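Asker:
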Amino acid sequence: MSIVRPSSSSSAASAAGEAAVFRTRADEVYAQLKRDVAEFRLVPGDRFTENEISERLGVSRTPVRQALIRLQQEGFVEVLFRSGWRVLPFDFDQFEQLYDLRMVLETTAVHRLCESGQRVDRDLLASLAAIWGVPPAQRSSDPVQVAQWDEEFHCALVAAAGNQEMARIHRDVTERIRIIRRLDFTMQRRIDATYDEHAKILKAIRANRGDQAAMLLRAHIETSQAEVRKITLHQMHMARHSTS
805 MSIVRPSSSS SAASAAGEAA VFRTRADEVY AQLKRDVAEF RLVPGDRFTE NEISERLGVS
865 RTPVRQALIR LQQEGFVEVL FRSGWRVLPF DFDQFEQLYD LRMVLETTAV HRLCESGQRV
925 DRDLLASLAA IWGVPPAQRS SDPVQVAQWD EEFHCALVAA AGNQEMARIH RDVTERIRII
985 RRLDFTMQRR IDATYDEHAK ILKAIRANRG DQAAMLLRAH IETSQAEVRK ITLHQMHMAR
1045 HSTS
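For the sequence shown, my numbering assigns the number 805 to the initial residue and increments by one for each residue that follows.
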């Protein structure tokens, strides 16, 4: 098991969700450990100690313990009696519920984007088209990059609809399902499908075809949801090695 020092880069979607400028050392440790899980450096079953994290991240045990307690409350880790901590198996029932909530928020947003009289951020939609409407030869095949762009795509759809509370809740849901969503981009066929499906969704939105856009979006999310149901511990180990 390896724990890396905090990286200076983070996704735009994550940055958009940061409410406070000031972050404590415990916040930084928490964010790094969550990235380790999301990027498959830590997978279910991995064990580690507070001292190991303290040494690798160059921090004292106090912020490490605070971060781990927070992750424990969120169901990502558990404390082991006299033997450190362990990464817990993913709670797929909870993920299913979060996907359902995501579906409601995003389909509502695309209907709003297609309704006349709504205050829609057209520039934001145009920026999405510049990424997802490119010819196949210009598409990225980097799974980490595509996963980040995919997250930003869905967050931007909700943000462009103009309801800040919807966007805030959606960012929270996005943060909580990020860990498993990234597995959807470990296969080239899923990267190709994501480009095609995003382009079709944007085309329907720009034509103000709300029902069609919502139908395409629903099918897109359901396909992704079906893919993550197939996740196995072996696949998570493979994904970790491919992104290390």
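Cβ atoms here follow ideal geometry from the backbone N, Cα and C, with glycine treated the same way. The model shown is predicted, which means the values in this text are computed figures rather than measured ones.
Looking at T853: is its Cβ nearer than 7 Å to the Cβ of A1018?
Answerer: By 1-based counting over the sequence shown, the position of residue 853 is 49. By 1-based counting over the sequence shown, the position of residue 1018 is 214. For T853 and A1018, no; Cβs fall outside 7 Å.
Asker: When the Cα atoms are used, what is the spatial distance from R926 to R1013?
Answerer: Locating residue 926 in the sequence shown gives position 122, where the first residue counts as 1. Locating residue 1013 in the sequence shown gives position 209, where the first residue counts as 1. Straight-line Cα distance between these residues: approximately 15 Å.
Asker: Is I983 closer than 7 Å to V841 when the C-beta atoms are compared?
Answerer: Here residue 841 refers to the residue found at position 37 of the sequence shown. Here residue 983 refers to the residue found at position 179 of the sequence shown. Yes, the Cβ-Cβ distance between V841 and I983 is below 7 Å.
Asker: Within its chain, find whatever has a CB closer than 7 Å to the CB of C918; leave out the 5 residues flanking it on each side and keep chain order.
Answerer: Taking the sequence shown and counting its residues from 1, one reaches residue 918 at position 114. Taken in chain order, the residues that qualify are I1009, N1012, R1013, G1014 and A1017.
Asker: Measuring CA to CA, which of P848, S1028, V833 and L872 is closest to R860?
Answerer: Taking the first residue of the sequence shown as 1, we reach residue 860 at position 56. For R860, the nearest C-alpha among the options comes from V833.
Asker: Would the beta-carbon of Q870 fall within 7 Å of that of A830?
Answerer: For the purposes of this step, residue 870 is identified with residue 66 of the sequence shown, where counting begins at 1. For the purposes of this step, residue 830 is identified with residue 26 of the sequence shown, where counting begins at 1. Yes, the Cβ-Cβ distance between Q870 and A830 is below 7 Å.
Asker: Measuring straight from C-alpha to C-alpha, what distance separates Q1029 and L1021?
Answerer: For the purposes of this step, residue 1029 is taken as residue 225 along the sequence shown, with counting starting at 1. For the purposes of this step, residue 1021 is taken as residue 217 along the sequence shown, with counting starting at 1. Q1029 and L1021: Cα-Cα distance of roughly 12 Å.
Asker: Using beta-carbon positions only, say whether L928 and A964 come within less than 7 Å of one another.
Answerer: In the sequence shown, counting from the first residue as 1, residue 928 sits at position 124. In the sequence shown, counting from the first residue as 1, residue 964 sits at position 160. Yes, Cβ-Cβ distance for L928 and A964 is below 7 Å.
Asker: May I ask which residues mark the beginning and end of the beta strand (DSSP E) holding E878?
Answerer: Translated into positions along the sequence shown, residue 878 becomes position 74. Neither: E878 is in no beta strand (DSSP E) and is coded neither H nor E.
Asker: Taking the alpha helix (DSSP H) that R985 belongs to, which residues open and close that run?
Answerer: Stepping through the sequence shown from its first residue, residue 985 is reached at position 181. Unbroken alpha helix (DSSP H) run through R985: Q968 to R985.
Asker: Please say whether L1006 and L909 have beta carbons closer to each other than 7 Å?
Answerer: By 1-based counting over the sequence shown, the position of residue 909 is 105. By 1-based counting over the sequence shown, the position of residue 1006 is 202. No; because the gap between Cβ atoms is not below 7 Å, this pair is not in contact.
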